[in-house]
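Here is the structure we will look at, set down as structure tokens.
Below is the structure:
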């Protein structure tokens, strides 16, 4: 029997803690997709999940449909096919001119369009202030999309843990909403546009739609909760 993952939630529902716990898991999954190529086990696990969302024309719905379509039609070499497309899209393998889709905030937000700029320093500060340490052995700039989504997962976990403390929750929600607006939705839509241009398979453009849609959904949920705190 397929596992069901409901990626929409009612902010007014009593399942407040469950929503943020599930969001943490979902952000962590999304982050893992951008950090490295999918394994055969991850592909099989993803295939076994029923991704439910009303087909309302939203980014979230379009992303879910695209992921489902790719998985349902994938061939026997899906892992290798996805690995090649991952390298082409996110590592710029074989791309010698024009825009690339490397997933670092600095590339999209700095005047120089290069790595290790102000946005990297800003996210490192925010991570430290909120108790998240990035493994220095990874040797990857901390404004990589995978790390920023891991930070979102970290905040979701903390919100779930502090559910009984309105003041702590309000502070964490403010931090999360601000981070989404200032360090994710300020550049991820442009990354999505580039992924659409470069990717040869449907999977990664669909993952980008899913990411943008979930970020927007998260902000909407936060704003509904804030009205009631």
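Residue numbers (this note's numbering): 368 to 596. Each residue gets a CB set at the ideal place from its N, CA and C atoms; glycine is no exception.
Helix, strand or coil: how does DSSP classify residue i here?
i           : result
residue 371 : Caution is warranted here: a pLDDT of 42 is assigned to residue 371, below 50, making its placement in the model unreliable, and the coordinate value is therefore given only provisionally. Reduced to three states, the DSSP call for residue 371 is strand.
residue 379 : Low confidence applies here, because residue 379 scores a pLDDT of 39, under 50, leaving its location unreliable and the question unanswered by this model.
residue 399 : helix
residue 417 : strand
residue 387 : helix
Along the alpha helix (DSSP H) that carries residue i, what are the first and last residues, could you check?
i           : result
residue 481 : That residue, residue 481, is in no alpha helix (DSSP H); it is neither H nor E in DSSP.
residue 586 : 570-593
residue 562 : 555-565
residue 455 : 445-457
residue 436 : 426-440
residue 550 : 533-550
residue 522 : 512-528
Can you name, in chain order, every residue of its own chain whose Cβ lies under 7 angstroms from the Cβ of residue i, other than the five neighbours on each side?
i           : result
residue 544 : 586 and 589
residue 566 : 452, 456 and 572
Thinking C-beta only, is residue j closer than 8 angstroms to residue i?
i           : j           : result
residue 475 : residue 558 : yes
residue 422 : residue 432 : yes
residue 576 : residue 426 : yes
residue 574 : residue 434 : yes
residue 466 : residue 486 : no
residue 570 : residue 437 : yes
residue 401 : residue 470 : yes
residue 593 : residue 512 : no
residue 410 : residue 446 : yes
residue 522 : residue 497 : yes
residue 387 : residue 535 : no
residue 468 : residue 562 : yes
Please go through the same chain and pick out, in chain order, the residues whose beta-carbon is closer than 6 angstroms to the beta-carbon of residue i, but skip the five residues on each side of it.
i           : result
residue 397 : 516 and 578
residue 547 : 582 and 586
residue 379 : With a pLDDT of 39 at residue 379, under the threshold of 50, the predicted position of this residue should be treated as unreliable, and no value is reported.
residue 369 : With a pLDDT of only 36 at residue 369, under 50, the local geometry of the prediction cannot be trusted, and the value read off the model is given with reservation. These residues qualify, in order along the chain: 415 and 417.
Would you call residue i buried or exposed, if buried means 16 or more other Cβ atoms sit within 10 Å of its Cβ?
i           : result
residue 495 : exposed
residue 503 : exposed
residue 478 : exposed
residue 580 : buried
residue 551 : buried
residue 531 : exposed
residue 484 : buried
residue 481 : exposed
residue 525 : buried
residue 412 : exposed
residue 596 : exposed
residue 442 : exposed
residue 391 : buried
residue 429 : buried
Can you determine whether any heavy atom of the ligand FMN sits closer than 7 angstroms to the C-beta of residue i, and answer yes or no?
i           : result
residue 458 : As presented, the structure is devoid of all ligands, the ligand FMN included, so that no description of it is given.
Spatial neighbours of residue i within its chain, please: C-beta separation below 8 angstroms, excluding the five flanking residues on both sides.
i           : result
residue 493 : 518, 542, 546 and 550
Quick one: does residue i have its CB under 8 angstroms from some CB of chain C?
i           : result
residue 449 : Protein chains in the displayed structure number just one, and chain C is not present.
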